[in-house]
Amino acid sequence: PKRIVVLISGSGSNLQAILDQTLEGQINGTIEAVICNRPGAFGLTRAEQAGIDARLLDHKQFTDRESFDAALIELIDSYTPDLVILAGFMRILTPELVRHYQGRLFNIHPSLLPKYKGLHTHQRALEAGDAEHGCTVHFVTEELDGGPLIVQAKTDILTDDDEQSLQQRVHQLEHQIYPLAVQWFCAGRLSLDQTGVRFDGELLPASGYQ
Ligand code: GAR
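What follows is the structure in structure tokens.
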């Protein structure tokens, strides 16, 4: 089984979706630790309840991003992970950290990348009058929310949608595609090279698996 470390900042519902699949055996991996930068985040409680190491690394205890990320790398590496998963980890990463985990660092983002990098994605999709919206799992590279796409899921935007209804629907989709991408990686089906993402050895289109 692959060794997985999950980084969170909040509720950890994506963590839960992935955790459930490791326990049920769909994912050939084990979550070795959950690391969180925000005291009191519910995701830490989820980890504790599952008997997983729940580690708080509060960025406010560090003077700058470089020293926080150096401590984060040391903590992550103490678990010797095959895969590091950002699941609502709301921190910008240093290039050093990203390079260190190149090819084994996943993120999920609540938009159809490359659209709407950054924050407030649901509101921005609504304001733009988009017909559809969704979420993306991608490999992390040095460009913020810019790494090669692995898988996307879409939903139609309905005429009576507001930010909350849309956010909830996209969150449900996240809980489907994030465990799926982790399943693929842990089964040895996904890899990253200079040309892009390979799935069973075949190059995926730039838009990822749809
Ligand atoms: C998710 O919607 C995820 O896509 C988003 O944070 C939420 C975490 O929810 N991530 C980002 O916006 C990254 N820029 P969760 O804690 O319930 O999994």
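Take the sequence shown: its letter number 45 is residue 47 in full-length UniProt numbering, and every next letter is one higher. We put the CB at the ideal spot given by N, CA and C, even for glycine. All values reported here derive from a predicted model rather than from experimental measurement.
query, result
"Pro83 Cβ short of 7 Å to the ligand GAR heavy atom set", "no"
"Start-end ranges of the beta strand (DSSP E) lying completely within the region 76-137, minimum 3 residues", "85-88, 107-111"
"Proximity of Val153 and Tyr103 at Cβ, strictly below 8 Å", "no"
"Identity of the residue in Leu192, Trp186, Gly12 nearest Arg93 by Cα", "Gly12"
"Bridge-paired residues (DSSP) for Thr32", "Arg5"
"Cys188 and Ile33 closer than 8 Å at C-beta", "no"
"Of the residues Asp60, Val142, Leu95, His61, the one placed nearest Ser193, counting alpha carbons only", "Val142"
"Touching by the beta-carbon criterion (3+ pairs, under 8 Å), the region 35-45 and the region 117-129", "no"
"Cβ-based neighbour list, Ala133, same chain, cut-off 7 Å, excluding 5 preceding and 5 following", "Asp158, Ile159"
"Residues near Asp71 by beta carbon distance below 6 Å, same chain, minus five either side", "Thr96, Leu99"
"When Gly131, Asn16, Asp195, Ala52 are compared against Asp162, the one with the closest alpha-carbon", "Gly131"
"Straight-line Cα distance separating Arg57 from Arg101", "23 Å"
"Pair within 8 Å by beta-carbon distance, Ser113 and His135", "yes"
"Nearest-angstrom Cα separation, counted from Leu88 out to Tyr81", "16 Å"
"Own chain, CB closer than 7 Å to Ile54, minus 5 neighbours either side, in chain order", "Ile33, Ala35, Val36"
"Length of the line joining the Cα atoms of Glu176 and Ile75", "26 Å"
"Under the three-state DSSP convention, the category Gly198 falls into", "strand"
"Counted within 10 angstroms of its Cβ, other Cβ atoms place Ala49 as buried (16 or more) or exposed", "buried"
"Per-residue burial, Gly149 [other beta carbons within 10 Å of its own, 16 or more giving buried]", "buried"
"The ligand GAR heavy atom lying under 7 Å from the CB of Ile10", "yes"
"Same chain, Cβ closer than 6 Å to Ser15, neighbours up to 5 away in sequence not counted", "none"
"With 16 other Cβ atoms within 10 Å as the buried cut-off, status of Ala208", "exposed"
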